[in-house]
Amino acid sequence: MNRKKILVTGGAGFIGGNFVQYMVNKYYNYDIYNLDLLTYAGDLTKHHIIQNKSNYHFIKADIADSEAINILFSQEKFDFVVHFAAESHVDRSITDPEVFVRTNVLGTQVLLDAAKQAGISKFIHVSTDEVYGELEFDPTTYFSEDTPLQPSSPYSASKAASDLLVHAYNKTYGLPINITRCSNNYGPYHFPEKLIPLTISRILNGQKVPVYGDGKNIRDWLHVNDHCTAIDLVMHEGVNGEVYNVGGHNERTNLEVVKTIIKTLGKSEELIDFVEDRLGHDKRYAIDPTKLVNLGWKPTYTFDTGIAQTIQWYLDNQEWWGQIISGEYQNYFHKQYFR
Ligand code: NAD
Ligand code: DAU
């Protein structure tokens, strides 16, 4: 089989990091190039097992730096770009939206331009269900690929803008593309500013768990490994120009998620601290994944099996998240939750 070159942006982050490991281990005939700026969310220690493999390469670069990106594309002939790099945390986008526009919108446009010039085989844009906005608490309604884009936060608005640019490069210039829109991920190497790893790490540190508002908001949780298999499938089998929703029908209220973690760790629900609600807090997300299932995808984790595995991973890898929440993050967490 021919060797292929795959550029993965954001491969030092949570999902991109899991995807890089999955690809390096699965496809010995692919060279995986992990391009990442190593922002606060990027961390290469997670790649200690693959870092010496001959099909793994790391490039430190900013996706919004057109000069650096154009030089890279002139030096390496990539077959696929799988684009994860982004500012990803909704709360940060509420306090500091500018970097979200720079990275998520401008950065995507710079990559699209380089990919177009280079004539790559396909650009896979990893987007989010948050571009659809929110659903009401009616359990019979879902986001489909045809749901109008109505993003609520600066984060989701910047992702929606990037989705539209990807569409535009497909329609205007004929760049082959797919867009995936996944629900909330969880699993190993999840940065502990997001609900599930934050809850686990705070409980293990003997700290209270902040639950926004009344805790009744609903998210649809998917194990990160199932997201990786979905992107692998879309990359190889996705129809040019199409959007694919990714989700496994695992809706839970935030309170249910937090209580499950507390129970599994044998702690008291008195750790729950109801705090001020997030501004513009989306009520409910729920994905209809029928189109992707028809393409041949099937998730392997239920929420119960996935959360048990994830909690065990955090118990076994305290050193990893311990170093993440030390230093700079101490200040961040302090500001947010130790008022
Ligand atoms: P993350 O915050 O954990 O990782 C983002 C990575 O991008 C980091 O390694 C960071 O260093 C890198 N990065 C940021 N700015 C960069 C820049 N200018 N140039 C190069 N690299 C840069 O994010 P994540 O949770 O892994 O999400 C990855 C992608 O998946 C994002 O596009 C996000 O919108 C999407 N997504 C996330 C979820 C989720 O639940 N986390 C669900 C659906 C879709
Ligand atoms: O749906 C996909 C999206 O999921 C991705 O596009 C985003 O990148 C990712 O961060 C995630 O966004 P959410 O805002 O849904 O995830 P977060 O973990 O920040 O919050 C999950 C829910 O938990 C949300 O309703 C807010 C609530 N929450 C969050 C935190 C951090 C709390 O109640 N307490 C908290 O401390």
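Residues in the sequence shown are numbered from 14 upward in steps of one, following our numbering. Note that CB positions come from ideal geometry on N, CA and C, so glycine has one too. These numbers come from a predicted model, not from an experiment.
Whose C-alpha, out of the options, is nearest the C-alpha of residue i?
i	options	result
Glu158	Asp151, Pro167, Ser165, Gly146	Gly146
Lys276	Ile324, Thr121, Arg265	Ile324
Ile19	Lys90, Ser67, Lys59, Ile28	Lys90
Thr154	Arg215, Val118, Asp233, Ile190	Asp233
Ser166	Gly26, Glu269, Asp104, Gln122	Asp104
Lys59	Ser67, Ile82, Phe27, Tyr53	Phe27
Gly309	His294, Ile231, Ile244	Ile244
Gln64	Asn191, Thr273, Asn47	Asn47
His61	Asp290, Phe156, Trp333	Trp333
Should residue i be labelled buried (16 or more other beta-carbon atoms within 10 Å of its own) or exposed?
i	result
Gln336	exposed
Ile84	exposed
Phe287	exposed
Val237	buried
Ser175	buried
His203	buried
His96	buried
Ser357	Given a span of 14 to 352 for the chain in the structure shown, any question on residue 357 remains unanswerable.
Arg352	Because the pLDDT of Arg352 is 23, which lies under 50, any placement of that residue in the model is unreliable, and the question is left without a value.
Gln34	buried
Quick check on the DSSP output: the alpha helix (DSSP H) that includes residue i runs from which residue to which?
i	result
Trp310	Premise fails: Trp310 is in no alpha helix (DSSP H) and is neither H nor E.
Leu235	From DSSP, Leu235 is part of no alpha helix (DSSP H) but of the beta strand (DSSP E) over 231–236.
Leu328	316–329
Asn84	A quick correction: the sequence has Ile, not Asn, at residue 84. Here the alpha helix (DSSP H) through Ile84 covers 79–88.
Could you give the C-beta distance for residue i and residue j, rounded to a whole number, given that I count them as a contact under 8 Å?
i	j	result
Ala137	Thr193	Sequence check: residue 137 is Ile here, not Ala. Yes, Ile137 and Thr193 are in contact; Cβ-Cβ is about 7 Å, under 8 Å.
Val259	His240	6 Å
Asn117	Lys73	Asn117 to Lys73, Cβ: 19 Å. No contact.
Leu124	Ile82	6 Å
Gly251	Pro302	At roughly 14 Å, the Cβ-Cβ gap does not stay under 8 Å, so Gly251 and Pro302 are not in contact.
From what residue to what residue does the beta strand (DSSP E) around residue i run?
i	result
Asn183	Asn183 -> not in any beta strand (DSSP E); alpha helix (DSSP H) instead, spanning 167–186.
Asn197	197–199
Lys207	Looking at the DSSP string, Lys207 is not in any beta strand (DSSP E), and its letter there is neither H nor E.
Thr108	It is not in any beta strand (DSSP E) - Thr108 instead sits in the alpha helix (DSSP H) that spans 103–108.
In the DSSP assignment, what residue or residues form a beta bridge with residue i?
i	result
Lys135	Phe93
Leu20	Tyr46, Val94
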